Amino acid sequence: MKKVIFAIALFAISWAANAVQVVLVTHNQTAGSGTISSLIFDGSHTSGLYPASTAIFYWDGMALTSTGLYSTVGSIGSSIYATTIINDQITDLMIDTSTNSAGAALYDCIEGTFLSSVGASGCGGHNLGVNAMSDSTTIWGPGTAVAQTIGGDDVLTAGAPRDITAYDFGLESWDGTTLIIGNGVAVGSQSPGIGGGEAMVFTVVPVPAAVWLFGSALGLLGWARRRVA
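Here it is as structure tokens:
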């Protein structure tokens, strides 16, 4: 009996500590005009310049973690055929929703083609000045570090270049099946000092409960027997 109780206790601890695997369904942003943009993360943009995401995501009730590349690109009208805005490429993204802070092994921002046509750099966070050319240098890496030198007649407009803090998200909702994390502003609306609403929506990868419970319990019982023996 003691062996069984011990195994059940270990099982409960293991269950509480386990994170569930989740799959990204949508990642939406809000433009300054209020337009909602659905970011492209499956590599389907017809330019062929932006790799598909390979990231596998996990949720433990507080933190979203991942392994692999999260690659997402915004385009005009959310179209796979339209000109692009920026492409985030993040390796091993992690978001702690309890502190609204993000981290990663590597962050890089790739400028698209649209903003330069209107005299701005979305990744660099600056305008291109009257000469309509970028005279500034922004380097991402190593890791999540960013170094920038503003040159010529460029003017910094965003306060800083884009970096991993763009993913400083908090928990919006979690019902055991659907997870939503975001910047605290409703998608489709604006907030002074924060900008447009942004949110990532995930669903849990289904695991047959009976199989998972039975397999985990058997494994722990076997482990308990070996320990007692």
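So the mapping is simple: the numbering used here equals the position in the sequence shown, first residue as 1, plus 406. From the three backbone atoms N, C-alpha and C, an ideal C-beta is built for every residue, glycine too. A quick note: this is a predicted structure, and the numbers were derived from the prediction, not measured.
Residue from the options whose Cα sits closest to the Cα of residue i
i: Leu-562; options: Thr-543, Ile-570, Thr-571; result: Thr-543
i: Gly-565; options: Asn-533, Ser-477, Leu-445, Asn-434; result: Asn-533
i: Ser-444; options: Ala-458, Gly-483, Asn-424, Ser-450; result: Gly-483
i: Gly-474; options: Ser-481, Ser-522, Ala-510; result: Ala-510
i: Tyr-513; options: Ser-481, Phe-520, Cys-529; result: Cys-529
i: Thr-583; options: Thr-609, Gly-438, His-433; result: Thr-609
i: Thr-555; options: Thr-571, Leu-499, Asp-541, Trp-580; result: Asp-541
i: Ile-516; options: Met-539, Gln-427, Ser-523, Ile-545; result: Ile-545
i: Val-428; options: Thr-497, Ser-472, Ser-504; result: Ser-472
i: Ala-646; options: Thr-503, Gly-547, Pro-612, Val-611; result: Look at the range of the chain in this structure, 407 to 635, and you will see that residue 646 is not part of it.
i: Phe-520; options: Gly-549, Thr-550, Gly-588, Tyr-487; result: Tyr-487
i: Trp-580; options: Asp-494, Met-468, Gly-547, Ser-485; result: Met-468
Contact under 8 Å by Cβ, residue i with residue j
i: Phe-447; j: Leu-470; result: no
i: Thr-490; j: Gly-518; result: yes
i: Gln-596; j: Thr-441; result: no
i: Ser-450; j: Tyr-476; result: no
i: Ile-586; j: Val-552; result: no
i: Gly-557; j: Ala-538; result: no
i: Thr-508; j: Ile-570; result: Per the sequence presented here, residue 508 reads as Ala, with Thr not at that position. In contact: Ala-508 and Ile-570 (Cβ atoms closer than 8 Å).
i: Val-591; j: Asn-434; result: no
Presumed contact (8 Å Cβ cut-off) between residue i and residue j, rounded CB distance
i: Thr-535; j: Asp-559; result: Here the sequence assigns Gly to residue 535, which means Thr is not the residue at that position. Right, the Cβ-Cβ distance comes to about 3 Å (below 8 Å), so this counts as a contact.
i: Ile-492; j: Arg-568; result: 7 Å
Do three or more CB pairs link the stretch 596-603 to the stretch 568-582 at distances below 8 Å? no
Secondary structure, beta strand (DSSP E): runs of 3+ residues fully inside the stretch 536-567: 543-546, 552-555
What are the uninterrupted segments assigned as beta strand (DSSP E) that are 3 or more residues long and contained completely in the stretch 468-516, given in chain order? 469-473, 475-481, 490-497, 500-502, 507-509
Those runs of the beta strand (DSSP E) which lie wholly inside the stretch 419-466 and span at least 3 residues: 426-436, 442-444, 462-465
Could I get the ranges of all uninterrupted alpha helix (DSSP H) runs contained in the stretch 583-610, with 4 residues as the minimum, in chain order? none
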